[in-house]
Amino acid sequence: MGFTAQKDYGWMRIVSLLCLCCCSAAQISYSISEEVNKGTTVGHLAKDLKLNVNELETRQLRIVSSYKNKYFDVDVKTGHLVVADRIDREELCDGLVKCSLQIQALLSNPVKIHRIEISILDINDNAPTFSEKSVSMNISESVSPGEQYLIPIAVDTDTGSNSVKSYKLSQNEHFTLDVQSGEEQSVSAELVLQKALDREKQSLITLTLTAVDGGKPAKSGTMQVIVNVMDANDNTPTFSKSLYKASVDENAAFGTMVMQLNASDLDEGLNSKLVYSFIKRGNIDPSDIFDINSYTGEIRVKGVLDHEKIPAYEIRVQVKDQGSFPRSTHSKLLIEVIDVNDNAPKISVTSLRNPVNENAEKGTVIALVTVSDKDSGMNGVNKCKLGGNVPFKLESNYKNDYSLVVDGLLDREKASQYNVTITAIDEGSPPLSSTSLLMVYISDVNDNAPHFPDSVINAYVKENRDVEIIHTVSALDPDSDENAKVTYSLLNTSPQNIPILSAISINSETGDLVTLQSFNFEELKTFSFKVQATDSGVPPLSSNVTVNVFILDENDNSPGILAPYSEHGSVNSENIPYSAEAGYFVAKIRAVDADSGYNALLSYHISEPKGTNLFRIGTSTGEIRTKRRMSDNDLKTHPLLVLVSDNGEPSLTATVSIDVVVVENTADIQTPFRHVPVKEESFSDLNLYLLIAIASVSVIFLLSLISLIAVRCHRTDSSFSRYSAPMITTHPDGSWSYSKSTQQYDVCFSSDTLKSDVVVFPAPYPPVDGELISINGGDTFSRTQTLPNTEKISYSISEEVNKGTTVGHLAKDLKLNVNELETRQLRIVSSYKNKYFDVDVKTGHLFVADRIDREELCDGLVKCSLQIQALLSNPVRERYLLPIAVDTDTGSNSVKSYKLSQNEHFTLDVQSGEEQSVSAELVLQKALDREKQSLITVTLTAIKTFSFKVQATDSGVPPLSSNVTVNVFILDENDNSPGILAPYSEHGSVNSENIPYSAEAGYFVAKIRAVDADSGYNALLSYHISEPKGTNLFRIGTSTGEIRTKRRMSDNDLKTHPLVVLVSDNGEPSLTATVSIDVVVVENTADIQTQFRHVPVKEESFSDLNLYLLIAIASVSVIFLLSLISLIAVRCHRTDSSFSRYSAPMITTHPDGSWSYSKSTQQYDVCFSSDTLKSDVVVFPAPYPPVDGELISINGGDTFSRTQTLPNSEKAIN
């Protein structure tokens, strides 16, 4: 129904009249039913107001109200109050029990207002309705009579007696209706099973539910109830409670747990698996606010709760099983919404400085923060804090006022802006919080120098080019704006003393490198210079990068004819016999080209007079030979023109003219290039001299050996005859042997070793400890003592002997074959914490493996012995003692742990003993299979740490504190590039090696050696080679660095092969170093001159010089042997009381670079091999009495340390 709008001026008059009104009569009440017709009389208003009907029109009686529609009016002629518009109680007072309208009766002259209340009586004008037209119910046939089912309720907008008062069910034989009346408007009905169901007779029952209101006449609404009769599932789920109560805070977050329903079903399988759900009743859908977990019965908050709107929820919940025909039951749930502190603080931020300089000091104020809260009391008291890890903090000014200040170092390059989260929390229960996000921008200062991506830049330029861009350098500056604007310049520095500024220029803005002149590859192959990048900041910052420029060869040199032939312009002559067969060698033209690569690859062609077809030439060798035999028709002189051309683009040539003269007699042929050796039929005197010299040297050697044995066996001192001088002998394979025999000291270097370990042991007298300390490895040889065998396997040894000291020959005493020890896995086991002894499976010796302290093991005991077991077995979990790492630091700074690279066969057992005793054993975890993997490479890393203590102290009286130890492990980073060892230098200069043309496949060319200061995988180096395009002649060992030939040389191969060797480590990212080598192919092996390889040249004849050399070698050998015999004889000759032999040890250097160590008659000469770049020589004298003398070094940064000279005396002074 519509409402009649009042005009604005009317309301103004009414308000004015109300203000002028001074008195009012008592309130008059009427009642009328809704939906009465317009004009229906409500009451006699004039009579009730005690007014004369004749005065009503004069006094302008009228009805005013605040409603939009004018529902009532007054008849001034009769004085009756009548209905003026349609009245719908449900529209005006929906859901209210009492409904009334307030109006006023207004009189003028004088003005008077009377209040009138009209009660609207409900009539039965609305029929009950169901929210759904039909509802389906699944009921098992096994349900017993009397079972009740909740059905949907009908809604009637009428109230009181006109609301729903009853329910009726259509006639049927199975169900009845149980109508329950609660409060005035609370009428519900449940479907009651009166008779057991039989699905086989009737599987579907359709019922009509009718809701009837209490009006007269009564109105009704219907809903169809469809009952599905289910089979088999005969147990209904039951709730643990018929009524559940729970409470939840009104500010509970989504997903907050409210409660968990608990229902059970006596059935099994799917019939006992329950599904929970809400039941929608009326217009309220619980699923809008709450969420129920169908399987667990957990009820969680889903919507927004507000205690002020709805203080409590009454929810019906249902549980249903998952049987083939599910059964269900329901329960009531009351959820109370608890009122909480629901006003969050409000944050106001005022920025003072944004952006902030990255060099801003601590304490710089950035912004002011104010926090306000509408709550009062403790709910209005707030605390403010910053969230996240930001270099700022809040300082309190007054109550809820704060300042945001800088509290750490700012770096725009790491973070150009910060999202500062400010959080305010009140002290309500529970506390509420709010956040504010402030973007703080960091402005740049010039604190970063430009950075080049590469430490070295390689640029390539062809020779003979005038001006061109050869490369563009680029540097990055992490700063911004002007601070990041980079300009480039050249530094006038070059290792080759080349005027860089006159050869190269650079574009200061783009970094383009431009050549200013042409280059000649034959004069200059490479040069380097530095480029500086400078930013535009204040002050400006800069950095440098090295640029290596490689000149690429162009074909700008013609071939040059080698002597004895001259180029075109003069005629050369060669003679050949008339009887020469086909293929007869006439001459060989040799030419060279100053270019390189394919530009230097030469080919030979021949031109003969027209009609002559007698000669041919090797296109790659230059050899001129005959094609056929001579004939009488051939000319006696053949003018030949040989054309030599290179392989460049365009090809350049040279020519040579040769007149080939045919002679009748071969004796007339004279050339300086062909000498044919003549076989000698007789035995020359020279050969006789050679045999005599060899026989003499052999006889002298045998006599010397016999004399040496005789002197060694003859001992002058019987009291010390048991003790002999230790001897170390080197073998051809580079190994060492130690024995107690004649006092002999021979030191030799292997032919392919960059670093040789040389140790010389003088013989102690009487016996003292002799130590062999390896220079390259970590092994240590210590005092050797052999004890007599007894009937039982028992040994004795002194305490505090050095590690490695031999205890006894265990294999011999156990009657075992030494060759079987490794396969039978002989090892020593014991119950002791330390592994004091171990066995060498290669020799069968039992030796000391750890320090032995008798007082520590057997303190106070007269007899001290250790019981160990020698075990022979083949277990999977075998243990292998690994070498230990040596750290010159001590204490906490020494090696603390080891780690092993990832593999599937081995693990590491790290054992810690004393402060500096950390060892590791390799433990076999998985059986090995040589057929699957014959070589396993693992990396053992020693970890160095340092530690410190942190103390925490409280503020109590007295203060208490505790400590914690912090161990910091230093892990290696790949921060060192490989370094090329001498004699080769890194990229920038070209090294040269010569190889003979006749070199076979596998011929050794050179060996590149490099080291890396890193450790572990970061120091694992690999070698790779780069050859010119089309060349596949050389290979390099990826782990050894040895360069060898792949095949024999051919005539098509270049004479000079430029190789670039790349050495890279195994780090992440990998670092590299390069070295350039020019391999030159020479015709004659005599032309090969290097400081590392001397190739003997086979001579066809034996000259007088060779004889003299042989005699000299024999003489030197005899002198050496005689000197050695004299030395040993003097060394072995001892007197009982005189020690005058002991004099000051002396180390002498010789012009050839060798060292000699002399102690009276003891002379130790050490010579360097020809292929050794670095030799470490260590000499340990054993004076009597003991004197320390150490020679450590020879080439590196090591030094010769302490030398002590003893005075000579008649007797030894203790």
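Be aware that the sequence shown starts at 1, since it is given in the numbering used here, and climbs by one per residue.
Idealized CB from N, CA, C, for every residue including glycine.
- Task: Measure the alpha-carbon distance for Leu404 versus Thr350 and round it to whole angstroms.
- Result: 10 Å
- Within 10 angstroms of the Cβ of Cys384, are there 16 or more other Cβ atoms? Answer buried if so, exposed if not. buried
- Whole-Å CB distance - Val592 paired with Pro559, under 8 Å assumed: At roughly 7 Å, the Cβ-Cβ gap stays under 8 Å, so Val592 and Pro559 are in contact.
- When the distance is taken between beta carbons, is Thr515 closer than 8 Å to Ile470? yes
- Other residues of its chain near Val179: CB distance less than 7 Å, five sequence neighbours each side excluded: Ser166, Tyr167, Val187, Ala189
- Message: Which of the three DSSP states is assigned to Glu35 in this structure?
- Response: coil
- Query: Leaving out the 5 sequence neighbours to the left and right, which residues in its chain are closer than 6 Å to Ala942 when beta-carbon positions are compared?
  - Reply: Ala885, Val895, Tyr898
- Selection from Lys949, Asp972, Phe948 that minimises the alpha carbon distance to Leu940: Asp972
- Message: Quick check on Glu147: buried or exposed, where buried means 16 or more other Cβ atoms within 10 Å of its Cβ?
- Response: buried
- Cβ-based neighbour list, Gly303, same chain, cut-off 7 Å, excluding 5 preceding and 5 following: Asp288, Ile289
- Query: So Asn382 packs on Ala424, CB below 8 Å; how close in whole Å?
  - Reply: 5 Å
- Run through DSSP, which three-state label would Asp85 get? coil
- Message: Buried or exposed, going by whether 16 or more other CB atoms sit within 10 Å of the CB of Ala563?
- Response: exposed
- Message: Please report the distance separating the alpha-carbon of Ile1111 from that of Leu688.
- Response: 13 Å
- Item | Per-residue burial, His330 [other beta carbons within 10 Å of its own, 16 or more giving buried] | When all chains shown are included, His330 counts as buried.
- Task: Indicate whether Leu861 and Val841 have their beta-carbon atoms separated by less than 8 Å.
- Result: no
- Would you check if there are 3 or more beta carbon pairs closer than 8 Å linking the segment 1037-1047 to the segment 948-955? Taking 8 Å as the limit for Cβ pairs, the verdict is that the segment 948-955 does not touch the segment 1037-1047.
- Query: Terminal residues of the continuous beta strand (DSSP E) containing Ile658?
  - Reply: 653-663
- Would a C-beta distance cut-off of 8 Å place Leu352 and Tyr460 closer than the cut-off? no
- Message: Any contact between the segment 606-616 and the segment 698-709? By contact I mean 3 or more CB pairs, one from each, below 8 Å.
- Response: Below 8 Å, too few C-beta pairs join the segment 606-616 and the segment 698-709 to call them touching: fewer than three.
- Item | Alpha-carbon spacing of Ala211 relative to Ala154, whole angstroms | 6 Å
- Query: Okay, do the segment 483-494 and the segment 530-540 touch, 3+ Cβ pairs below 8 Å being the bar?
  - Reply: yes
- Provide the residue(s) that pair with Ile498 in DSSP beta bridges, ordered along the chain. None, per the DSSP bridge assignment.
- Item | Proximity to Ser707 [Cα-Cα], best of Ser203, Ser1123, Asp454 | Ser1123
- Message: Looking at the secondary structure, which residues open and close the beta strand (DSSP E) in which Asp401 lies?
- Response: 401-406
- Could you tell me the distance, in whole angstroms, from the CA atom of Val406 to the CA atom of Gly363? Whole-angstrom Cα-Cα distance: 5 Å.
- Message: Just verifying my parser: in three-state terms, what is the DSSP assignment at Leu857?
- Response: helix
- Item | Lys195 versus Ser247 - alpha carbon distance | 41 Å
- Message: Using only the alpha-carbon positions, how far apart do Val660 and Asp1053 sit?
- Response: 29 Å
- With a Cβ-Cβ cutoff of 8 Å, do Ile347 and Arg316 count as a contact? no
- Message: Could you compute how far the alpha carbon of Met137 sits from the alpha carbon of Ile292?
- Response: Within the model, the alpha-carbon separation for Met137 versus Ile292 is close to 21 Å.
- Query: According to DSSP, which residues form a beta bridge with Arg327?
  - Reply: Answer is none; Arg327 lacks a bridge partner.
- Use the C-beta contact count for Ile709: other C-beta atoms within 10 angstroms, 16 or more gives buried, fewer gives exposed. exposed
- Message: Just verifying my parser: in three-state terms, what is the DSSP assignment at Cys93?
- Response: The three-state reading of DSSP puts Cys93 in coil, since its state is none of H, G, I, E or B.
- Task: Spatial neighbours of Ile310 within its chain, please: CB distance less than 8 Å, with the 5 preceding and 5 following residues excluded, ordered by chain position.
- Result: Val337
- Pick out whichever of Val910, His1057, Lys50 has its Cα sitting closest to the Cα of Val1082. His1057
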